[in-house]
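Enquirer: Line by line, the protein sequences give chains B and C. At position 152 of the first sequence the residue is numbered 152 (the working numbering), and the sequence of numbers has no breaks. At position 139 of the second sequence the residue is numbered 139 (the working numbering), and the sequence of numbers has no breaks. Glycine residues also receive a C-beta, built at the ideal position from the N, C-alpha and C atoms.
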Amino acid sequence: MPNEVAQILGNAVHLSSIGFAVVTADGVVNYANPAFCEIFLISFFETHVGCLLVEYPLIRFNSSISKLKLALNCPAPAFIQLHVDPDLMPLTLDIAALNDGARVMVAKRGQGSQIEFEPPNGPYYRDHLTGLGNRRFLDEILANWQPNSPNALSLAVIMIDIDRFKKVIDALGHCAGDTLLKLAARRIQSAIREQDTLVRVGGDVFVMLHTIGLQSIGTESVARRIVELMGRSFLIDGQQVNISASIGIAALNHGTDTITDLLRHAEFALYKAKESGQGNVRFFEPSLALQALVRYRFEIDLRRALVLKEFIIMYQPQVNLTDGSLQGFEALIRWQNPARGLLSPLDFIPLTEETGDIHAIGEWILHTACKEAMSWDGNFSVGVNVSPIQFESERIVDIVSNVLANTGLPPDRLELEITESVLIKDFDNALKQLWALKSLGVGIAMDDFGTGYSSLSYLNRFPFSKIKIDQSFVRGESSPKTRVLVQSIISLGATLDIITIAEGVETQEQYDQLAADGCKGAQGYLISAPIPTKAIGKFISDFRNKTT
Amino acid sequence: MNDQLYRLVYISRNEITGDDETVHCEIEKILSVSRKNNAIANISGALLFNAGCFAQVLEGLHDDLQNSFERIQCDSRHSNVIVLAFEKMAERRFPSWSMAYFGADSDASAKFGDIMQQSELDASLLKGNQIFDVLNEHLLDAEPSSV
Ligand SMILES: Cc1cc2nc3c(=O)[nH]c(=O)nc-3n(C[C@H](O)[C@H](O)[C@H](O)COP(=O)(O)O)c2cc1C
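#1: Taking the alpha-carbon of residue 147/B as reference, which of 106/B, 138/B, 199/B, 210/B has the nearest alpha-carbon?
#2: In terms of residues, what are the limits of the beta strand (DSSP E) holding residue 85/C?
#3: What residue does the alpha helix (DSSP H) around residue 364/B start on, and which one ends it?
#4: Would DSSP call residue 37/B helix, strand or coil?
#5: Please report the straight-line C-alpha distance between residue 155/B and residue 285/B, rounded to a whole angstrom.
#6: Kindly identify the DSSP beta-bridge partner or partners of residue 104/B.
#7: By Cβ distance, which residues of its chain are closer than 6 Å to residue 12/B, with the 5 residues on each side in sequence left out?
#8: For residue 225/B, decide whether its Cβ has a neighbour in chain C, counting only Cβ atoms nearer than 8 Å.
#9: Report the option in 145/B, 403/B, 272/B, 520/B whose CA atom is closest to the CA atom of residue 373/B.
#10: Under 7 Å Cβ-Cβ, which residues of chain B neighbour residue 74/C?
#11: Beta-carbon within less than 7 Å of residue 133/C's beta-carbon, same chain only, minus the 5 sequence neighbours each way: which residues are those?
#12: Taking the alpha carbon of residue 376/B as the reference point, which residue from 398/B, 315/B, 332/B has its own alpha carbon closest?
#13: With 7 Å as the limit, tell me which residues of the region 43-62 of chain C have their beta carbon closer than that to any beta carbon of chain B; keep them in chain order.
#14: Since residue 32/C is in the beta strand (DSSP E), which residue starts that stretch and which ends it?
#15: Got a sec: is the Cβ-Cβ distance from residue 113/B to anything in chain C below 8 Å?
#16: Quick one: is residue 5/C near chain B, going by C-beta distance under 8 Å?
#17: Output the residue ranges of the alpha helix (DSSP H) runs that lie fully inside the region 440-466 of chain B and measure 4 residues or longer, sorted by chain position.
#18: Check this for me: beta carbons of residue 273/B and residue 288/B, under 8 Å apart or not?
#19: Contact check, residue 94/C vs residue 45/C under 8 Å by CB: the rounded distance?
#20: Is any heavy atom in ligand 1 found nearer than 7 Å to the beta carbon of residue 77/C?
#21: Along the region 137-166 of chain B, what residues have a CB closer than 8 Å to any CB found in chain C?
#22: Can you grab the Cα-Cα spacing for the pair residue 519/B / residue 443/B, in whole Å?
#23: Is there a Cβ of chain B sitting closer than 8 Å to that of residue 66/C, yes or no?
#24: Compare the C-beta of residue 165/C with all C-beta atoms of chain B and state if any pair is closer than 8 Å.
#25: For residue 422/B, which residues from the same chain have a beta carbon less than 7 Å from its beta carbon, with the 5 sequence-adjacent residues on both sides left out?
#26: Is it buried or exposed for residue 362/B, if we count other Cβ within 10 angstroms and need 16 for buried?
#27: Please report how far the alpha carbon of residue 161/B lies from the alpha carbon of residue 134/B, in whole angstroms.
#28: Taking residue 33/C as the query, report the chain B residues whose CB atoms sit under 8 Å from its CB, ordered along the chain.
#29: Would you say residue 12/C touches ligand 1, meaning its beta carbon is less than 7 Å from a heavy atom?
#30: Residue 295/B lies in the alpha helix (DSSP H); which residues open and close that run?
#31: Near residue 142/B, which residues of its chain fall below 6 Å by C-beta distance, leaving aside the five closest residues on each side in sequence?
#32: Could you check whether the Cβ of residue 195/B sits closer than 8 Å to any Cβ belonging to chain C?
#33: Could you work out which residues of chain C lie near residue 235/B, taking near to mean beta carbons separated by less than 9 Å?
#34: So who's on the other strand from residue 328/B, going by DSSP bridges?
#35: So, helix, strand or coil for residue 113/B, using DSSP?
Dropping the structure here:
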């Protein structure tokens, strides 16, 4: 550029009523024209000594510092608005990065939309779907947030999650899911104040930063308003869609001490809100953190247990009620943890089902039980419990056939015990896999019969090898009502040609009663408690000696 | 698909309080905004008002309805918005009205009142068609009023 032109331009800039400055990415002012100095209340002299823009009082309102820092750091052109004083026009800053890393800033007073916490333009800080800020933007804001005005003394995190979002996607498809997120974002945005920030942190989770001033904190009413708005019908893809949202809140000085804990605490609260149903709002309480910590430690220990070989299998004998002979064993997992002692499946299996660890653990049980059964003296059956979750992945059939191949156990000695919930979740898929398993030659037993829906149609739709009568009925068999129930299950089995076996048999009286009613098998403390694998050899030979 | 017309019918509870004058004034505002916005968005329809409730029929293209309804729903002048019907339709029934209006003293409104009473305000019993028919029938023999 000829010098002359540069000079003319320079003069024009200097005299312009539009604020103009060149700053570094760190916010050091290298040049500012008088208009800029006036807007920011910087003395012209200061601009010659490299003052730091973010230190100027004007910027220090309402978390503007973090926004400005963000905008300056953004390699793409950024556009931000600062609300400095409610009575004044907002300040609009256009920021562009030059090749050498310097930033050119143009400052104007005046219009524009009233959104205060607009994330800087460009994909880096933006969620492309909703146009809101993204997780990175949130992290930056949180990292830089300071209480800095009477309107912003404290900060609350409102974490919003759409209930059953997956259901919507399953029913209407991903496209509809995206539309829903966009519309939801707009609705939530309509409930927030200028000085608040809304971001989408991923999936169906939104986070709102709510500044708290001198007045009462009002966070909860904002949350309730959001829940209310989300409960209204959406029109998507020609359908009316009704959803709800749950909310967890954490606020500085209200149970949360540091900014770094805010998100985590809001998440705990959200988790609790969801636990108690849909459309709930929950505030974080320190006890939640403790609960979460306890659970977290448990989860960690549990995850390690497989590697540390802390799981063992105990076997509970099953006898034939008609002739008193030994039939087989049910494999029961125990967790032997040095600090926690011996834990039964009820204490930890539900958690592994939540975390997905059940897949690895389930496979281990199958393999170990089949391998150990091979070492027994006799063709006894081995019953292995399979969780409904294991049926969700399509691998269960492969896993079972591999285990049989690797251990050499004849398929007819293995019996998989499933509960009704396997069939309730996804009937067609479950049925398909059950048939595939059956064609491998393994038996399929219906476990805990009588406790769930006990829908007879299930028994009719699949040739189960066994019905296991739940122990609660066996224990209650002295009551006439329960006795009739047990009898009808037994005759049901006889009609459908399915063997019935009673669990939890504890007294000789129960044993005789069941035998008299025509039940085919029994398992329980009367016969034996579950025993470790190394005791099985002795149990089998003792049993033989006793009966012969 | 893109030129498919949809019809939306909803009822809601009136949240405008104050004397008749104030209420009229608010409704006048709603109508004038509606007429302006709807003309631009190519939406036609009718609004029925009866002291306690609104009923509205909106017809237009899918996305236009979605857009307007998002705005309308969040309006604090009414609450408990219940969608009675959202369905495809072959042609507009209110083609010449960006927002026809039936006030509290219209026949349509009286009929609407009857329907609401019959169903004892139980929205699940109400059919979008019923509301729609009332509006449609009365549109044929009466000019919608100004407020
Ligand atoms: C019962 C009721 C019906 C309404 N119907 C419409 C309508 O058909 N079209 C419309 O644009 N606004 C309608 N509004 C007004 C909107 O809620 C909103 O106030 C208006 O669209 C102006 O929005 P704006 O200020 O964001 O532009 C209605 C409001 C109420 C309470």
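Expert: Quick answer:
#1: Sequence index remark: in the first sequence, residue 147/B carries index 147 (1-based). Nearest of 106/B, 138/B, 199/B, 210/B to residue 147/B, Cα basis: 210/B.
#2: For the purposes of this step, residue 85/C is taken as the residue at position 85 of the second sequence. Residues 78-89.
#3: Here residue 364/B refers to the residue found at position 364 when the first sequence is read from its first residue. First-last of the alpha helix (DSSP H) with residue 364/B: 358-374.
#4: Along the first sequence, read from residue 1 onward, the residue named residue 37/B stands at position 37. Looking at residue 37/B - three-state DSSP - the assignment turns out to be helix.
#5: Residue mapping note: residue 155/B aligns to position 155 of the first sequence, counting from 1. Residue mapping note: residue 285/B aligns to position 285 of the first sequence, counting from 1. Distance between the alpha carbons of residue 155/B and residue 285/B: 16 Å.
#6: Taking the first sequence and counting its residues from 1, one reaches residue 104/B at position 104. 22/B, 96/B, per the DSSP bridge assignment.
#7: By one-based count along the first sequence, residue 12/B stands at place 12. Hits under 6 Å: none found.
#8: By 1-based counting over the first sequence, the position of residue 225/B is 225. No, because no Cβ of chain C sits closer than 8 Å to the Cβ of residue 225/B.
#9: Taking the first sequence and counting its residues from 1, one reaches residue 373/B at position 373. Taking only the C-alpha atoms, the option nearest residue 373/B is 403/B.
#10: By 1-based counting over the second sequence, the position of residue 74/C is 74. Ordered by position in chain B, the residues that pass the 7 Å Cβ test against residue 74/C are 187, 190, 229.
#11: On the second sequence, residue 133/C is found 133 positions in, with the first residue counted as 1. Excluding sequence neighbours, residue 133/C sits near nothing in its chain.
#12: What you label residue 376/B is simply residue 376 of the first sequence in a count that begins at 1. Ranking 398/B, 315/B, 332/B by Cα distance to residue 376/B puts 315/B first.
#13: 62
#14: The residue you call residue 32/C lines up with position 32 of the second sequence. Run containing residue 32/C: none in the beta strand (DSSP E); it sits in the alpha helix (DSSP H), 20-41.
#15: In the first sequence, counting from the first residue as 1, residue 113/B sits at position 113. Low confidence applies here, because residue 113/B scores a pLDDT of 36, under 50, leaving its location unreliable; read the following figure in that light. It does not; no Cβ of chain C falls within 8 Å.
#16: For this step, residue 5/C is matched to residue 5 along the second sequence. It does not; no Cβ of chain B falls within 8 Å.
#17: 456-461
#18: Residue mapping note: residue 273/B aligns to position 273 of the first sequence, counting from 1. Residue mapping note: residue 288/B aligns to position 288 of the first sequence, counting from 1. Going by C-beta atoms, residue 273/B is not nearer than 8 Å to residue 288/B.
#19: Here residue 94/C refers to the residue found at position 94 of the second sequence. Here residue 45/C refers to the residue found at position 45 of the second sequence. The pair is a contact, with the Cβ atoms about 5 Å apart (cut-off 8 Å).
#20: As a first step, residue 77/C must be located in the second sequence, where it is residue number 77. Yes, since a heavy atom of ligand 1 falls inside the 7 Å radius drawn around the Cβ of residue 77/C.
#21: none
#22: If you number the first sequence from 1, residue 519/B lands on position 519. If you number the first sequence from 1, residue 443/B lands on position 443. Those two C-alpha atoms are separated by around 18 Å.
#23: Within the second sequence, the letter at position 66 stands for residue 66/C. Yes, contact with chain B.
#24: This structure does not reach residue 165/C, given that chain C is present from 1 up to 147, and the question cannot be answered.
#25: Indexing the first sequence from 1 puts residue 422/B at position 422. Hits under 7 Å: 388, 391, 430.
#26: Looking up residue 362/B in the first sequence gives position 362. Buried, since its Cβ has 16 or more Cβ neighbours within 10 Å.
#27: Against the first sequence, residue 161/B aligns to sequence position 161. Against the first sequence, residue 134/B aligns to sequence position 134. Those two C-alpha atoms are separated by around 15 Å.
#28: Walking along the second sequence from the start, residue 33/C turns up at place 33. Those within 8 Å of residue 33/C in chain B number zero; the least Cβ separation is about 16 Å.
#29: Translated into positions along the second sequence, residue 12/C becomes position 12. Checking every heavy atom of ligand 1 against the Cβ of residue 12/C, one is found closer than 7 Å.
#30: If you number the first sequence from 1, residue 295/B lands on position 295. It spans 286-305 - the alpha helix (DSSP H) in which residue 295/B sits, taken as one unbroken run.
#31: Numbered from its first residue, the first sequence carries residue 142/B at position 142. Within the same chain, residue 142/B has close Cβ partners 259.
#32: For the purposes of this step, residue 195/B is identified with residue 195 of the first sequence, where counting begins at 1. Not one chain C Cβ lies under 8 Å of residue 195/B.
#33: For the purposes of this step, residue 235/B is identified with residue 235 of the first sequence, where counting begins at 1. Chain C residues near residue 235/B: 6, 8, 62, 65, 66, 69, 70, 83, 86.
#34: Your numbering for residue 328/B matches position 328 in the first sequence. Answer is 318/B, 381/B.
#35: To locate residue 113/B, count along the first sequence from 1; it is residue 113. Since pLDDT at residue 113/B reaches only 36, below the 50 mark, its modelled position is unreliable, and the value read off the structure follows with that caveat. Reduced to three states, the DSSP call for residue 113/B is coil.
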